[in-house]
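Engineer:
Residue numbers (the numbering used here), protein chains in the order written: chain A, 220 to 782; chain B, 220 to 782.
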């Protein structure tokens with residue numbers, strides 16, 4: 220709620236646009252104090268393309284996920300004018316715009332920024348489209364990248380917890396080279412969507428340090444060497460010099476001025492500041508005003524992304540990456556993650572809750588998560604007798620292993636749905652504690668834990684995290700964290716603040732209420748966490764889950780063995 | 220179905236009465252070929268007393284389970300006349316009656332057989348009632364019995380897989396002594412219900428070798444020594460000599476003739492043969508005509524009991540017991556068990572199946588088990604990617620540990636209810652394989668596997684057992700296995716057959732159809748069983764499930780730690 224009276228005549232505004240997986244959201248924010256005046260959402264017309272290419276109707280292989288770049292431009296044409304209209308402010312009082320994007324979401328373009336998929340020769344070629352972050356069919360390429368990096372003792376591999384993801388720029392580019400050499404040959408640049416959208420706004424291609432660092436293996440001013448790339452595939456030798464490297468922009472810098480064309484799309488004044496691109500998770504730290512060393516921000520939704528700045532460099536085992544200036548200019552930015560959190564709660568709630576629970580929830584006019592939480596929160600800690608591993612989507616940090624799987628232990632004939640629900644929530648909190656402890660053990664101390672994202676609304680979940688982590692859980696003020704974070708970067712780029720620190724202090728923040736650990740609970744969770752840790756070490760290391768996955772994959776790929 | 224025409228004038232009959240947990244079932248069987256002519260059930264009026272004593276209305280402590288002996292007599296008065304009436308045969312053509320009982324179900328009586336609970340002085344004393352097999356509050360007493368036996372290297376302890384159960388005669392008697400010394404002092408005999416009911420029928424107390432051996436620690440003609448008993452509790456020193464030891468009867472022997480009073484209750488001729496008592500699981504071997512060495516009979520219901528005779532003596536790790544003549548006279552009888560089988564399937568089906576499955580099952584007019592089986596049987600073996608431990612009720616054999624708990628591994632966001640259902644069924648089959656392999660490894664070879672009990676109706680389950688065990692699964696002919704087994708013993712006791720072997724061959728048997736292992740499936744199950752075995756060894760030995768149970772019990776017993 221605005222805590223100051225809106226002065227339409229005097230106040231200045233910025234717009235943050237958050238590009239998510241299914242839609243883009245524009246939020247209009249007051250520069251002076253970060254108050255969110257209005258917001259508008261536009262869903263991508265083509266959503267996520269996973270089955271059939273819309274042009275040729277060709278079937279896509281498994282694990283593909285594409286998008287259409289013009290859908291992103293539509294957000295500028297629809298959501299930005301909409302937010303201006305709803306707010307009622309004078310467009311001339313908007314001083315800047317910034318965006319954040321999913322990552323690594325990447326596309327092949329010509330020198331002028333035209334996506335290859337918009338050229339008639341390539342519109343039927345799936346490799347000419349945007350590869351969305353969750354395009355997972357380059358695992359084989361990622362495996363080769365990692366194996367070779369370790370064989371050659373490449374120094375950069377330790378900056379990524381020992382593993383480059385199949386989701387990132389190099390694996391996806393190598394896939395293009397080897398599966399569609401004609402696309403690879405025709406593309407002039409391999410561009411993050413985070414930067415491509417800024418290019419559309421200001422007419423200039425600037426590569427943001429965040430995706431360049433976390434997704435593009437850009438470390439200490441260098442990319443992987445030609446020798447290394449040639450050893451991967453001789454035709455990949457010049458990938459960096461030919462397709463990838465480009466001017467790097469810092470976060471919160473001005474990329475350029477809004478073009479006349481983009482001004483027409485958006486209804487904003489031509490020439491206003493367009494900030495350097497950014498990533499949805501990392502930009503949220505500013506919205507929480509958590510950009511100082513030791514402040515870990517957890518963006519908790521279907522999965523959780525952890526970002527934290529530090530002055531200290533360390534190779535934290537299993538982190539996603541450490542990038543100088545990757546979260547805020549002048550500090551090291553660390554990223555870690557849990558591949559499954561809210562989607563595990565959803566999986567259980569959607570598939571394993573009996574009819575009478577649904578009826579009772581309906582009678583109480585609450586959703587099934589709320590109903591299960593109500594039942595589960597009445598329990599004493601530990602009374603369900605369960606401990607679980609939160610690996611239904613694999614483990615991103617600290618094991619970086621997507622062939623792992625979920626596990627529940629302690630089941631009895633008395634175990635009820637709310638028991639398992641609670642144990643699953645706890646398992647994700649244990650997973651978060653494991654990450655925090657791993658950072659602490661590496662000397663990168665976690666001093667504060669700030670929650671952002673959709674799950675912060677669930678008090679039951681938040682209290683469990685406080686009790687398990689034995690730390691107060693602070694909660695971001697805004698439910699539109701990424702868009703507000705972008706707006707903060709727009710304000711800095713427009714010169715309204717000296718730097719992101721001061722802008723975040725003025726415009727971002729946490730709520731006054733937070734979740735304190737309850738002493739009686741923390742002691743019991745210490746005992747349960749010991750058991751979680753035993754399972755973690757045992758199943759993270761003994762290979763039995765890999766064997767099980769291999770048996771599954773053989774069964775799924777074989778016509779035999781069927782009864 | 221009768222395969223011969225009934226000749227009411229010439230045919231002879233026997234009656235078997237199966238005393239279960241909730242009711243007694245009388246089956247009238249033709250002596251010549253075992254054809255079941257009629258059956259009748261009578262439910263116990265007081266069922267299982269677990270909460271409140273019906274006389275005093277006093278609240279019972281947790282884990283108590285009592286019964287009222289007169290309810291057993293009611294079965295004789297109701298079910299036996301009913302089965303005679305329904306069959307239409309002449310009662311004078313019935314030549315014998317035999318019973319089988321749950322065990323260890325045990326009661327304190329006076330010298331004339333009068334239960335203490337029927338005396339006015341004791342009718343309000345819960346310890347004066349029948350302690351049902353599942354009365355589990357003597358665990359502390361059992362723990363002391365086991366600890367002392369191992370300390371003193373008592374030779375008999377190895378005959379019971381290293382552990383005497385809290386369910387058995389000594390633990391329950393020690394509980395009576397220490398919690399109700401006045402009951403202990405007043406009782407002349409501590410009698411198995413299996414023998415007490417025979418006493419009511421023929422007026423004579425004979426202790427059957429089956430319960431004496433498996434539940435009464437009667438080995439090689441001896442009970443535990445006075446020294447040992449005195450070391451448990453000085454007042455327990457003369458328990459065997461004062462309260463327990465008594466003439467032993469062999470299985471299939473005549474205990475006596477039907478008394479005039481029992482003839483009046485039942486409508487049967489006075490003086491006809493009453494056989495020595497027996498136990499529901501063990502007596503089923505005869506009904507399956509599986510009384511030769513190496514024929515393992517699995518009575519599969521909510522739990523599974525495995526019985527097998529052998530000429531070879533071995534101390535099989537984790538078996539429930541080995542008793543000479545305990546299944547059939549002249550051979551060693553082995554017993555093993557799985558604490559949870561059908562009740563685990565039921566637990567999952569009742570608590571974790573979503574509404575749309577129930578609706579689909581209703582539309583197809585099938586129960587939820589059938590519906591889940593239909594879905595699960597379409598899968599290729601291993602395709603669900605899961606492996607589970609079947610320890611939701613603990614593990615009876617081979618670990619003899621009721622503090623263990625169930626576990627599921629391999630969960631992903633794609634895992635559906637039918638996947639877990641199938642994995643749970645498979646886990647019980649793996650549990651059975653573990654028992655079979657343990658017998659084989661001890662040199663007591665399992666040559667045939669014969670299934671009996673309620674689960675044999677489920678073809679999906681039976682096929683999985685065949686594939687996992689890599690053995691044909693034969694299926695008992697009768698769905699009233701225990702009652703038919705009793706009837707066979709009645710026929711032998713009445714002199715209609717030379718011995719149980721020949722009676723079982725004529726009256727018992729398996730169906731012509733059985734379940735053959737499918738080669739493509741067995742190989743995959745070998746791989747999954749390896750993983751099951753890894754979990755089995757790991758969680759059976761590492762103590763983590765005990766720790767988890769201790770955390771649970773502390774939480775349940777404590778008022779603290781509550782949010």
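Note that beta-carbon positions come from the ideal geometry of N, C-alpha and C, so glycine has one too.
(1) What's the C-alpha gap between residue 617 of chain A and residue 735 of chain B?
(2) With three or more C-beta pairs closer than 8 Å as the rule, is the stretch 331-344 of chain A touching the stretch 400-420 of chain A?
(3) How many whole angstroms separate the CB atoms of residue 487 of chain A and residue 310 of chain A, which I take to be in contact at a CB cut-off of 8 Å?
(4) Going by the CB atoms, is the gap between residue 424 of chain B and residue 606 of chain B shorter than 9 Å?
(5) For the stretch 578-612 of chain B, which residues have a CB atom closer than 9 Å to at least one CB atom of chain A, in sequence order?
(6) To be precise: take each residue of the stretch 728-750 of chain A, compare its Cβ to all Cβ atoms of chain B, and keep it if any distance is under 7 Å. Which residues remain?
(7) Going by CA-CA distance only, name the one from A/250, A/235, A/301 that's closest to residue 259 of chain A.
(8) Ends of the alpha helix (DSSP H) at residue 318 of chain B?
(9) Could you pull the start and end residues of the beta strand (DSSP E) that residue 525 of chain A belongs to?
(10) Under 9 Å, Cβ to Cβ, is there at least one residue of chain A near residue 486 of chain B?
(11) Less than 9 Å between CB atoms is the rule here; does residue 636 of chain B satisfy it with respect to chain A?
(12) Relative to chain A, which residues along the stretch 531-565 of chain B have a C-beta separation below 8 Å, given in chain order?
(13) When the Cα atoms are used, what is the spatial distance from residue 532 of chain B to residue 500 of chain B?
(14) Please identify the residue among A/465, A/354, A/647, A/242 whose C-alpha is closest to the C-alpha of residue 747 of chain A.
(15) Let me check one thing: in DSSP terms, what residues is residue 271 of chain A bridge-paired to?
(16) Would you mind stating whether residue 612 of chain A and residue 563 of chain A have Cβ atoms separated by less than 9 Å?
(17) Tell me whether residue 352 of chain A sits in a helix, a strand or coil according to DSSP, three-state version.
(18) What number of angstroms, rounded off, separates the C-alpha of residue 386 of chain A from the C-alpha of residue 330 of chain A?
(19) Go through its chain and collect everything with a Cβ distance to residue 680 of chain A's Cβ below 6 Å, but skip five positions before and after it.
(20) Quick one: does residue 821 of chain B have its CB under 9 Å from some CB of chain A?
(21) Based on the DSSP secondary-structure assignment, which residues constitute the bridge partners of residue 409 of chain B?
(22) Can you name the residues of chain A whose CB is closer than 9 Å to the CB of residue 628 of chain B?
(23) Please report the straight-line C-alpha distance between residue 298 of chain B and residue 264 of chain B, rounded to a whole angstrom.
(24) Whose CA, out of A/495, A/538, A/360, lies closest to the CA of residue 619 of chain A?
(25) Can you list the residues of chain A that residue 378 of chain B reaches, using a CB-CB cut of under 7 Å?
(26) I want to see whether chain A comes within less than 9 Å of residue 753 of chain B, judged by CB atoms only; does it?
(27) Taking its Cβ as the centre, do 16 or more other Cβ atoms sit within 10 Å of residue 281 of chain A, making it buried, or is it exposed?
(28) Can you pull the chain B residues whose beta carbon is under 9 Å from the beta carbon of residue 572 of chain A, in chain order?
(29) Identify which residue in B/511, B/519, B/468 has its Cα closest to the Cα of residue 495 of chain B.
(30) Could you check whether the Cβ of residue 652 of chain A sits closer than 9 Å to any Cβ belonging to chain B?
(31) By the three-class DSSP mapping on this structure, what secondary structure does residue 468 of chain B have?
(32) Helix, strand or coil: how does DSSP classify residue 263 of chain A here?
(33) Would you say residue 631 of chain A faces chain B, with C-beta separation under 9 Å as the test?
(34) Just to confirm, is the Cβ distance from residue 239 of chain A to residue 503 of chain A under 9 Å?
(35) Have a look at residue 547 of chain A and residue 719 of chain A and give me their C-alpha separation to the nearest angstrom.
(36) Out of B/244, B/459, B/508, B/248, point me to the one whose CA is closest to residue 706 of chain B's CA.
Structural biologist: If we stick to the structure as given:
(1) Their Cα atoms are separated by approximately 46 Å.
(2) Contact between the stretch 400-420 of chain A and the stretch 331-344 of chain A is present: three or more C-beta pairs spanning the two stretches fall below 8 Å.
(3) About 6 Å separates the CB atoms of residue 487 of chain A and residue 310 of chain A; that is less than 8 Å, so the two are in contact.
(4) With contacts defined by Cβ atoms closer than 9 Å, residue 606 of chain B and residue 424 of chain B do not form a contacting pair.
(5) Per Cβ criterion, the list reads 578, 596, 597, 598, 599, 600, 601, 602, 603, 604, 605, 606, 607, 608, 610, 611, 612.
(6) Within the stretch 728-750 of chain A, those residues whose Cβ lies closer than 7 Å to any Cβ of chain B are, in chain order, 737, 739, 740, 743, 746, 747, 750.
(7) Just measuring C-alpha positions, the residue of A/250, A/235, A/301 sitting nearest residue 259 of chain A is A/301.
(8) Note, residue 318 of chain B: premise wrong, no alpha helix (DSSP H); beta strand (DSSP E) at 313-320.
(9) It spans 523-529 - the beta strand (DSSP E) in which residue 525 of chain A sits, taken as one unbroken run.
(10) The beta-carbon of residue 486 of chain B is placed no less than 9 Å from the nearest beta-carbon of chain A.
(11) Residue 636 of chain B counts as touching chain A.
(12) Taking 8 Å as the cut-off between beta carbons, the residues of the stretch 531-565 of chain B near chain A are 559, 562, 563, in sequence order.
(13) In this model, residue 532 of chain B and residue 500 of chain B are separated by some 21 Å (Cα to Cα).
(14) Ranking the options by Cα distance to residue 747 of chain A, first place goes to A/647.
(15) Residue 271 of chain A is bridged to A/278.
(16) Less than 9 Å divides the Cβ of residue 612 of chain A from the Cβ of residue 563 of chain A.
(17) In the structure shown, residue 352 of chain A falls within a coil segment according to DSSP collapsed to helix, strand and coil.
(18) Distance between residue 386 of chain A and residue 330 of chain A, taken at the CA atoms: about 24 Å.
(19) So the list reads 644, 674, once near-sequence residues are dropped.
(20) The question about residue 821 of chain B has no answer here: the residues shown for chain B are numbered 220 through 782.
(21) Beta-bridge pairing links residue 409 of chain B to B/327.
(22) Going along chain A in sequence order, the residues near residue 628 of chain B (Cβ under 9 Å) are 608, 624, 625, 626, 627, 628, 758, 763, 764, 767.
(23) Here the C-alpha atom of residue 298 of chain B lies approximately 13 Å from the C-alpha atom of residue 264 of chain B.
(24) When the alpha-carbon of residue 619 of chain A is set against those of A/495, A/538, A/360, the nearest one is in A/538.
(25) What residue 378 of chain B touches in chain A: nothing, since even the nearest Cβ is about 29 Å away.
(26) Yes - at least one Cβ of chain A is within 9 Å of the one on residue 753 of chain B.
(27) Label assigned to residue 281 of chain A: exposed.
(28) Chain order gives the chain B residues near residue 572 of chain A as 571, 573, 574, where near means a beta carbon separation below 9 Å.
(29) Distances from the CA of residue 495 of chain B to each of B/511, B/519, B/468 were compared; the closest alpha carbon is that of B/468.
(30) Chain B contact via Cβ: absent.
(31) Strand.
(32) In the structure shown, residue 263 of chain A adopts coil according to DSSP, grouped into three states.
(33) Chain B, which has a Cβ nearer than 9 Å to the Cβ of residue 631 of chain A, makes this yes.
(34) The answer is no: Cβ separation not under 9 Å.
(35) Whole-angstrom Cα-Cα distance: 7 Å.
(36) Residue 706 of chain B has its Cα closest to that of B/248, out of B/244, B/459, B/508, B/248.
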